[in-house]
Amino acid sequence: MLSDARFSADKMRHRDATSPQPQKAAEPPRAEREDGIFVFMDPPEHTRLRRSLTGQFTVRRMRELESRVTEIAVEHIEAMKAAGTEADLVPAFALPLPSLVICELLGVDYADRAEFQERTAVGLNASSTPREQAMARAELHAFMRGLVAAKRSNPADDLLSGLIHDTDPPLTDAQLVDVALLLLTAGHETTANMLGLGTFALLEHPDQLAALRADPGLIDNAVEELLRFLSILQLGVSRVATEPVTLGGVDLPAGATVVIATPEVNRDPRHWDDPDTLDVRRPRTPHLAFGHGVHQCLGQQLARIELRIGLGELISRLPGLRLAVPAEQVPVRNEMLIFGVRSLPVTWS
Numbered sequence: 001m002l003s004d005a006r007f008s009a010d011k012m013r014h015r016d017a018t019s020p021q022p023q024k025a026a027e028p029p030r031a032e033r034e035d036g037i038f039v040f041m042d043p044p045e046h047t048r049l050r051r052s053l054t055g056q057f058t059v060r061r062m063r064e065l066e067s068r069v070t071e072i073a074v075e076h077i078e079a080m081k082a083a084g085t086e087a088d089l090v091p092a093f094a095l096p097l098p099s100l101v102i103c104e105l106l107g108v109d110y111a112d113r114a115e116f117q118e119r120t121a122v123g124l125n126a127s128s129t130p131r132e133q134a135m136a137r138a139e140l141h142a143f144m145r146g147l148v149a150a151k152r153s154n155p156a157d158d159l160l161s162g163l164i165h166d167t168d169p170p171l172t173d174a175q176l177v178d179v180a181l182l183l184l185t186a187g188h189e190t191t192a193n194m195l196g197l198g199t200f201a202l203l204e205h206p207d208q209l210a211a212l213r214a215d216p217g218l219i220d221n222a223v224e225e226l227l228r229f230l231s232i233l234q235l236g237v238s239r240v241a242t243e244p245v246t247l248g249g250v251d252l253p254a255g256a257t258v259v260i261a262t263p264e265v266n267r268d269p270r271h272w273d274d275p276d277t278l279d280v281r282r283p284r285t286p287h288l289a290f291g292h293g294v295h296q297c298l299g300q301q302l303a304r305i306e307l308r309i310g311l312g313e314l315i316s317r318l319p320g321l322r323l324a325v326p327a328e329q330v331p332v333r334n335e336m337l338i339f340g341v342r343s344l345p346v347t348w349s
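Going by full-length UniProt numbering, the sequence shown opens with residue 1, and the numbers climb by one from there.
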């Protein structure tokens, strides 16, 4: 379904039954969209924006970011160790690491990173009040507008400068701000929750944690297995049928919303033996954690780098890492689109 052109991701033109907005009468097709929210676009509009971004996720840029991810991870782990032998891993490590990586990617000045991180933490924190989140997001929007203006005047070797100066035809400021905010949200919240939840899963499966300590070379396999096993996009990916279509033996009318149950797909016993078991030695196989089709996650390689380095450094630099509270007391984000832990109190030797 995710690679079938009869199903649309365009939530602006097609009413999605999973949307929190009230249902309205169908609207006539509009002219070409002028925003940059490409995750809710169909080809050819999606194709143009996606192609512009793909050109910025170069092998060279990813390799350069890899060394910075290591520096950021080590810096935060050492700060945790300097403060004692106990910490809440979410604010101390899982949230700031991807936030600072996004700063590197977009070219946020060092002087502005504290403000950027603060606004990001509030805007994406499920514990913030709706008013706090709305204010933080408005401030982030203003921050991004300022960042786009700065990169127009003084380009540097970063993704945002590349989008501004290397895209033909050029993107508008509104599109650039939308793209930057999408990268922030998609690249920050998902990875942050995978770092926290992935650590929690390993601590709940000490045999798997021990296997990783004994053989650090298993880390790539472990990342793929955690992505499959946890499937943090827990409420699935939705699409709208643009014409009558039969799917799985069910006749759907045009306008029907279909939701992919990602956790079910990633634990399908027809594809994996013993799929409900976490096994870091499981051979690497395709999964749906990063989606499928034209909307497959653009930043998946960067996410893998952050998870591989982040989890690897935690395991190697914090001997005896374990939960500081009983597992049942760890608060989880059951009601959120992105599954994760709200906090993760841990201790180490």
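Glycine included, every Cβ here is placed at the ideal spot set by N, Cα and C.
CA-to-CA, the gap between D42 and A114 works out to about 36 Å.
A distance below 8 Å separates the beta carbons of V69 and E306.
In this structure, L344 sits away from L95, with a CB-CB distance that is not shorter than 8 Å.
The alpha-carbon separation between I260 and L184 amounts to approximately 24 Å. Per the DSSP secondary-structure output, V250 pairs in a beta bridge with L247. DSSP lists no bridge partner for R213. Check the Cα spacing between R137 and each of A150, R119, E313: the tightest is with R119. In the displayed model, E118 falls within a helix according to three-state DSSP. DSSP places T185 outside any beta strand (DSSP E); the residue lies instead in the alpha helix (DSSP H), whose first and last residues are 173-204. Given a length threshold of 4 residues, each whole run of the alpha helix (DSSP H) inside the stretch 36-120 is given here in chain order: 45-54, 59-82, 96-106.
Nearest in C-alpha terms to A186, of all of I102, G248, P244, is I102. In the three-state DSSP reduction, F7 falls in the strand class (E or B). In this structure, the alpha-carbon of R61 lies about 23 Å from that of I37. The C-alpha of I232 lies about 7 Å from the C-alpha of M194.
Collapsing the DSSP output to three states places A303 in a helix. The C-beta of G310 has 16 or more other C-beta atoms within 10 Å across all chains shown, which makes the residue buried.
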